[in-house]
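*Asks:* Okay, here's the structure, questions in a sec.
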Amino acid sequence: MTFLQFEHVTRRFENGQEGLSDVSLAIDQGTMTFLTGHSGAGKSTLLKLLIGLESPTSGRVIVDGCDLKQLSAKQMPWYRRQIGIVLQDHNLLPDRTVFENVALPLRLSPMSAKDMRRRVRGALATVDLSDKGGLLPRHLSTGEQQRVGIARAVVTRPRIILADEPTGNLDPFLSRQVMALFHQFRDLGSTVLVASHDIDLIKDQGCRILHLSQGALVQDTARVDGGDVE
Amino acid sequence: MTAPDRKVAASTVSLAAKPKGGAVLAWLADHRRVASDTATFVSQRILRSFLVWLMVGIALTLPGLLWIAQSNLQAFGGQWQGSAGLTVYMNVGARDSQVRDLALKLQEHSAVQRFVLTTPEEALDQLLTQSDDSQFLRGALAAIETNPLPASFSVVLEVDTSYLQLDALSRQLLALPGVDDVEIQSAWIERLRDLGDLANRVGGGLSVILLVAAVLVTFASVRLAIESKLAELRVLALVGATASQMRRPFLYFGASYGIGGGIMAILLIALFLNQIEAPLKSLLISYQVGVSLAGFTPSFLLAVVLAGWFLGIFGALLALSQRLGDLGNQTS
Numbered sequence: 001m002t003f004l005q006f007e008h009v010t011r012r013f014e015n016g017q018e019g020l021s022d023v024s025l026a027i028d029q030g031t032m033t034f035l036t037g038h039s040g041a042g043k044s045t046l047l048k049l050l051i052g053l054e055s056p057t058s059g060r061v062i063v064d065g066c067d068l069k070q071l072s073a074k075q076m077p078w079y080r081r082q083i084g085i086v087l088q089d090h091n092l093l094p095d096r097t098v099f100e101n102v103a104l105p106l107r108l109s110p111m112s113a114k115d116m117r118r119r120v121r122g123a124l125a126t127v128d129l130s131d132k133g134g135l136l137p138r139h140l141s142t143g144e145q146q147r148v149g150i151a152r153a154v155v156t157r158p159r160i161i162l163a164d165e166p167t168g169n170l171d172p173f174l175s176r177q178v179m180a181l182f183h184q185f186r187d188l189g190s191t192v193l194v195a196s197h198d199i200d201l202i203k204d205q206g207c208r209i210l211h212l213s214q215g216a217l218v219q220d221t222a223r224v225d226g227g228d229v230e
Numbered sequence: 231m232t233a234p235d236r237k238v239a240a241s242t243v244s245l246a247a248k249p250k251g252g253a254v255l256a257w258l259a260d261h262r263r264v265a266s267d268t269a270t271f272v273s274q275r276i277l278r279s280f281l282v283w284l285m286v287g288i289a290l291t292l293p294g295l296l297w298i299a300q301s302n303l304q305a306f307g308g309q310w311q312g313s314a315g316l317t318v319y320m321n322v323g324a325r326d327s328q329v330r331d332l333a334l335k336l337q338e339h340s341a342v343q344r345f346v347l348t349t350p351e352e353a354l355d356q357l358l359t360q361s362d363d364s365q366f367l368r369g370a371l372a373a374i375e376t377n378p379l380p381a382s383f384s385v386v387l388e389v390d391t392s393y394l395q396l397d398a399l400s401r402q403l404l405a406l407p408g409v410d411d412v413e414i415q416s417a418w419i420e421r422l423r424d425l426g427d428l429a430n431r432v433g434g435g436l437s438v439i440l441l442v443a444a445v446l447v448t449f450a451s452v453r454l455a456i457e458s459k460l461a462e463l464r465v466l467a468l469v470g471a472t473a474s475q476m477r478r479p480f481l482y483f484g485a486s487y488g489i490g491g492g493i494m495a496i497l498l499i500a501l502f503l504n505q506i507e508a509p510l511k512s513l514l515i516s517y518q519v520g521v522s523l524a525g526f527t528p529s530f531l532l533a534v535v536l537a538g539w540f541l542g543i544f545g546a547l548l549a550l551s552q553r554l555g556d557l558g559n560q561t562s
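In the order they appear, the protein sequences are chains A and B. Those letters in the first sequence? Residues 1 to 230, per the working numbering, in order. Those letters in the second sequence? Residues 231 to 562, per the working numbering, in order.
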């Protein structure tokens, strides 16, 4: 069942450059897909369009049958609560403990303190950081910080997980651990889209790969014709 | 690593639907949390917060003092309204019939509210009573054998009597037989009122400037708070905080600065009144006016705090409109 869909999406910036050029794609629910390409290929633009941080210049971005352009500014936050976002630089708050960082998205929703603690502990256990909840991010290694970012992204049990270069700062071992986590969330029903330029890592994952170049979708491994996109 | 302990939200949930249950409880819980965070934020920066309270307090003090001054002047004016009027002095040795005629004339005049006749004997008694050395005075008066004091009328006029009517009446009375002099008592009150009006206008202008300054102080402080929390705001925007959830902490900051400033203003006003009360009372007693300072009432205190709260919120809203508008479109 198609869950994420781009219909002839073009995103042109104010300087005239195109972040995305006439991209069409469809991603099924509960799948894990990789987005590859060099810097400036359009990976981040595509993710921003999905998050609703940018709007397409033309075309439609459709999530679960809903054109994101139809969402009002007031509806957008409620949509974003269904997305777990993992960024390369983690965006952890340095003056908050690991526990507080992970609990941040839960503070936006009606939830008892007991439930919140249970959910945060669960998320921290998932990323193997149960014993680090009381520490500040600066006391963690880069890999641990990235896992805190993942715990924060999944603590709300999102339907979509979007990750932008989540292994950019990690060694190969930790990178594989992070990928294993994404597989687990995919198995539980989340639709996972990971942007990465680490071809060696993602070609071993057995997932669909979308290759972007200069804003255009040039290769899709899910295509029966071998993947090249005209 | 352990397996995730969760299930993905049901796909039947509409893409951007608000959760239906517990909205009020969540709203209350968010307010409680934000209030607690604000208390922590302010207490962690207590010196800076104190300076903001002091600046807002100083800005609120002048309008507060003006209000108190105005309400006291009204009370003061009210007292003088009763005693404002005329004093009519008869000639020494004026005949009783002349005094009676004048009393009748005053009784019939529509502008006269009441009057009191002081006979020469009563005037002499009052003089002797008020004199520090009445024995000496009594001796001196005995030497001249006759009472040198005239009969007089203290005339209190109706409240709405204008100065022109007062002047006309004084001329009429002065023309009557046996009347030596008529003193108008309200001329200096008129001048005092004029000065009061001028002070009110100047003070009103200054108050507006100071209230704008209070808003700007809150604006700058909340702006700094926003800058210090930009990283958190960006994360909150990414994870789906609504505009009101992002604004709320800063409205609380603005309110806390405003309310703190209001309390500071009350302390400053109290200190000021405490300093001037004794000399002011002494001055008023010398004018035989028994006015105690009015206006520093619970409702006044509440009004000052509410004014501070309003200015704080207003300043915060200005800062938010300038800085938070585009946060929803930023990632990092």
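Beta carbons: idealized from backbone N, C-alpha and C, even for Gly.
Determine, using beta carbons only, whether ARG81 (chain A) and LEU108 (chain A) come nearer to each other than 8 Å.
*Replies:* Taking the first residue of the first sequence as position 1, residue 81 (chain A) is located at position 81. Taking the first residue of the first sequence as position 1, residue 108 (chain A) is located at position 108. Their beta carbons are under 8 Å apart, which means ARG81 (chain A) touches LEU108 (chain A) by this criterion.
*Asks:* How big is the Cα-Cα spacing for ALA269 (chain B) and MET494 (chain B)?
*Replies:* The residue labelled residue 269 (chain B) in the question sits at position 39 within the second sequence. The residue labelled residue 494 (chain B) in the question sits at position 264 within the second sequence. If you take the alpha carbons of ALA269 (chain B) and MET494 (chain B), they lie about 17 Å apart.
*Asks:* Compute the distance between the beta-carbons of LEU193 (chain A) and GLY149 (chain A), then report whether it is under 8 Å.
*Replies:* Translated into positions along the first sequence, residue 193 (chain A) becomes position 193. Translated into positions along the first sequence, residue 149 (chain A) becomes position 149. Not closer than 8 Å, so no.
*Asks:* Rounded to the nearest angstrom, what separates SER58 (chain A) and ILE27 (chain A) at their Cα positions?
*Replies:* For the purposes of this step, residue 58 (chain A) is taken as residue 58 along the first sequence, with counting starting at 1. For the purposes of this step, residue 27 (chain A) is taken as residue 27 along the first sequence, with counting starting at 1. The alpha-carbon atoms of SER58 (chain A) and ILE27 (chain A) are separated by roughly 20 Å.
*Asks:* Applying the criterion that 16 or more other CB atoms from any shown protein chain within 10 Å of the CB defines a buried residue, is GLY312 (chain B) buried or exposed?
*Replies:* Within the second sequence, numbered from 1, the residue matching residue 312 (chain B) stands at position 82. With a pLDDT of 45 at GLY312 (chain B), under the threshold of 50, the modelled position of that residue is not reliable, and the figure given next carries that caveat. Exposed, by the Cβ-count rule.
*Asks:* Cβ of ALA299 (chain B) within 8 Å of Cβ of ALA444 (chain B)?
*Replies:* Working through the second sequence from its first residue, we reach residue 299 (chain B) at position 69. Working through the second sequence from its first residue, we reach residue 444 (chain B) at position 214. In this structure, ALA444 (chain B) does not lie closer than 8 Å to ALA299 (chain B) by Cβ.
*Asks:* Measuring only between beta-carbons, confirm whether LEU481 (chain B) sits less than 8 Å from chain A.
*Replies:* On the second sequence, position 251 is the one that residue 481 (chain B) refers to. No, because no Cβ of chain A sits closer than 8 Å to the Cβ of LEU481 (chain B).
*Asks:* Which same chain residues end up closer than 8 Å to LEU201 (chain A) when comparing Cβ atoms and leaving out the 5 residues on each side of it in sequence?
*Replies:* Within the first sequence, the letter at position 201 stands for residue 201 (chain A). The answer, listed in chain order, is THR167, PRO172, SER175, ARG176 and MET179.
*Asks:* What is the rounded straight-line gap between the Cα of LEU354 (chain B) and the Cα of VAL386 (chain B)?
*Replies:* For the purposes of this step, residue 354 (chain B) is taken as the residue at position 124 of the second sequence. For the purposes of this step, residue 386 (chain B) is taken as the residue at position 156 of the second sequence. When rounded, the distance between both Cα atoms is 22 Å.
*Asks:* Answer with yes or no whether the minimum CB distance from SER109 (chain A) to chain B is below 8 Å.
*Replies:* Position 109 of the first sequence, counted from the first residue, corresponds to residue 109 (chain A). Closer than 8 Å: yes.
*Asks:* So, do the segment 280-296 of chain B and the segment 402-415 of chain B have three or more beta carbon pairs nearer to each other than 8 Å?
*Replies:* Touching, no, given that fewer than three Cβ pairs across the two stretches are closer than 8 Å.
*Asks:* May I ask you to report which of helix, strand or coil DSSP gives GLY312 (chain B)?
*Replies:* As a position in the second sequence, residue 312 (chain B) is number 82, starting the count at 1. In this predicted model, GLY312 (chain B) has a pLDDT of only 45, less than 50, meaning its place in the structure is not dependable; the value taken from the coordinates is given anyway. In the structure shown, GLY312 (chain B) sits in a helix (DSSP, three-state: H, G or I).
*Asks:* Is ASP390 (chain B) helix, strand or coil when you go by DSSP?
*Replies:* For the purposes of this step, residue 390 (chain B) is taken as the residue at position 160 of the second sequence. Coil at ASP390 (chain B), not helix or strand.
*Asks:* For GLN17 (chain A) and VAL23 (chain A), what's the separation of their Cα atoms in angstroms?
*Replies:* Locating residue 17 (chain A) in the first sequence gives position 17, counting from the first residue. Locating residue 23 (chain A) in the first sequence gives position 23, counting from the first residue. Going by the C-alpha atoms only, they are around 15 Å apart.
*Asks:* Taking only the alpha-carbon atoms, compute the straight-line gap between VAL272 (chain B) and VAL452 (chain B) and give it to the nearest angstrom.
*Replies:* The residue you call residue 272 (chain B) lines up with position 42 of the second sequence. The residue you call residue 452 (chain B) lines up with position 222 of the second sequence. Each residue's Cα considered, the two are about 11 Å apart.
*Asks:* Name the chain A residues that come within less than 8 Å of ARG464 (chain B), Cβ to Cβ?
*Replies:* For the purposes of this step, residue 464 (chain B) is taken as the residue at position 234 of the second sequence. Within chain A, the residues near ARG464 (chain B) are ASN91.
*Asks:* So for THR10 (chain A), helix, strand or coil by DSSP?
*Replies:* Position 10 of the first sequence holds residue 10 (chain A). In the structure shown, THR10 (chain A) sits in a strand (DSSP, three-state: E or B).
*Asks:* What runs of the beta strand (DSSP E), each 3 residues or longer, lie entirely inside the segment 108-169 of chain A?
*Replies:* Counting only runs of 3 or more, we get 160-164.
*Asks:* Closest Cβ-Cβ distance between ALA471 (chain B) and chain A: below 8 Å?
*Replies:* To locate residue 471 (chain B), count along the second sequence from 1; it is residue 241. Yes, its Cβ sits closer than 8 Å to a Cβ of chain A.
*Asks:* Against GLN475 (chain B), what residues of chain A qualify as contacts under a CB-to-CB distance less than 7 Å, listed in chain order?
*Replies:* Reading the second sequence from its first residue, position 245 is the one you call residue 475 (chain B). Those are LEU108, listed as they occur along chain A.
*Asks:* Can you pull the chain B residues whose beta carbon is under 7 Å from the beta carbon of PRO77 (chain A), in chain order?
*Replies:* Start at 1 with the first residue of the first sequence, and residue 77 (chain A) comes out as number 77. Here the neighbours are GLY470, ALA471 and THR472.
*Asks:* With 8 Å set as the bound, which would you pick, yes or no: does the beta-carbon of PRO105 (chain A) sit closer than that to a beta-carbon of chain B?
*Replies:* As a first step, residue 105 (chain A) is located in the first sequence; it is residue number 105 there, counting from the start. So, interface residue.
*Asks:* Could you compute how far the alpha carbon of CYS207 (chain A) sits from the alpha carbon of LEU92 (chain A)?
*Replies:* For the purposes of this step, residue 207 (chain A) is taken as residue 207 along the first sequence, with counting starting at 1. For the purposes of this step, residue 92 (chain A) is taken as residue 92 along the first sequence, with counting starting at 1. If I take the Cα positions, the gap works out to 29 Å.
*Asks:* Could you check whether the Cβ of LEU523 (chain B) sits closer than 8 Å to any Cβ belonging to chain A?
*Replies:* Counted from its first residue, the second sequence places residue 523 (chain B) at position 293. It does not; no Cβ of chain A falls within 8 Å.
*Asks:* Exposed or buried, what is ILE15 (chain A) when buried is set at 16 or more other beta-carbons lying within 10 Å of its beta-carbon?
*Replies:* Taking the first sequence and counting its residues from 1, the one referred to as residue 15 (chain A) is at position 15. Ile is not the amino acid found at residue 15 (chain A); the sequence shown has Asn there. Label assigned to ASN15 (chain A): exposed.
*Asks:* Please work out which residues of its chain come closer than 7 Å, Cβ to Cβ, to GLU507 (chain B), disregarding the five sequence neighbours upstream and downstream, and give them in chain order.
*Replies:* The residue you call residue 507 (chain B) lines up with position 277 of the second sequence. For GLU507 (chain B), where only same-chain residues beyond five positions count, the Cβ hits under 7 Å are LEU523.
*Asks:* Between MET320 (chain B) and VAL409 (chain B), how many whole angstroms is the CB-CB distance? I'm expecting something under 8 Å.
*Replies:* Here residue 320 (chain B) is taken as the residue at index 90 of the second sequence, counted from 1. Here residue 409 (chain B) is taken as the residue at index 179 of the second sequence, counted from 1. Their Cβ separation, rounded to whole angstroms, is 6 Å, which keeps MET320 (chain B) and VAL409 (chain B) in contact under 8 Å.
*Asks:* So is ALA253 (chain B) in contact with chain A if we call contact Cβ pairs under 8 Å?
*Replies:* Residue numbering aside, residue 253 (chain B) sits at position 23 when the second sequence is read from its first letter. At least one chain A Cβ lies under 8 Å of ALA253 (chain B).
*Asks:* Quick one: is GLN70 (chain A) buried, meaning 16 or more other Cβ sit within 10 Å of its Cβ, or exposed?
*Replies:* Within the first sequence, numbered from 1, the residue matching residue 70 (chain A) stands at position 70. By the 10 Å Cβ count, GLN70 (chain A) comes out exposed.
*Asks:* List the residues of chain A whose Cβ lies closer than 9 Å to the Cβ of ARG263 (chain B), in chain order.
*Replies:* Translated into the one-based positions of the second sequence, residue 263 (chain B) becomes position 33. Residues of chain A passing the Cβ test: ARG107.
*Asks:* Using only CA atoms, which one of A:ASP89, A:HIS197, A:GLY37 and A:VAL218 lies nearest to ARG293 (chain A)?
*Replies:* Any answer about residue 293 (chain A) is impossible in this case: the structure gives chain A only from 1 up to 230.
*Asks:* Indicate the three-state DSSP secondary structure (helix, strand or coil) for GLU462 (chain B) in the structure shown.
*Replies:* Taking the second sequence and counting its residues from 1, one reaches residue 462 (chain B) at position 232. Three-state DSSP puts GLU462 (chain B) in a helix.
*Asks:* Looking at C-alpha atoms only, which residue of A:PHE34, A:PHE185 and A:LEU68 is the closest neighbour of ASP239 (chain A)?
*Replies:* This structure cannot speak to residue 239 (chain A), because chain A is shown only from 1 to 230.
*Asks:* When you compare only the Cα positions, how much space is there between VAL218 (chain A) and GLY42 (chain A)?
*Replies:* Position 218 of the first sequence, counted from the first residue, corresponds to residue 218 (chain A). Position 42 of the first sequence, counted from the first residue, corresponds to residue 42 (chain A). So the two alpha carbons sit approximately 12 Å from each other.
*Asks:* ALA256 (chain B) versus chain A: which residues are under 9 Å apart at the beta carbon?
*Replies:* Counted from its first residue, the second sequence places residue 256 (chain B) at position 26. Those are LEU108, SER109, PRO110 and MET111, listed as they occur along chain A.
*Asks:* Just mark MET76 (chain A) as buried or exposed, buried being the case when its beta carbon has 16 or more other beta carbons within 10 Å.
*Replies:* Position 76 of the first sequence, counted from the start, is the residue given in the question as residue 76 (chain A). Classification of MET76 (chain A): buried, given that the 10 Å Cβ count is 16 or more.
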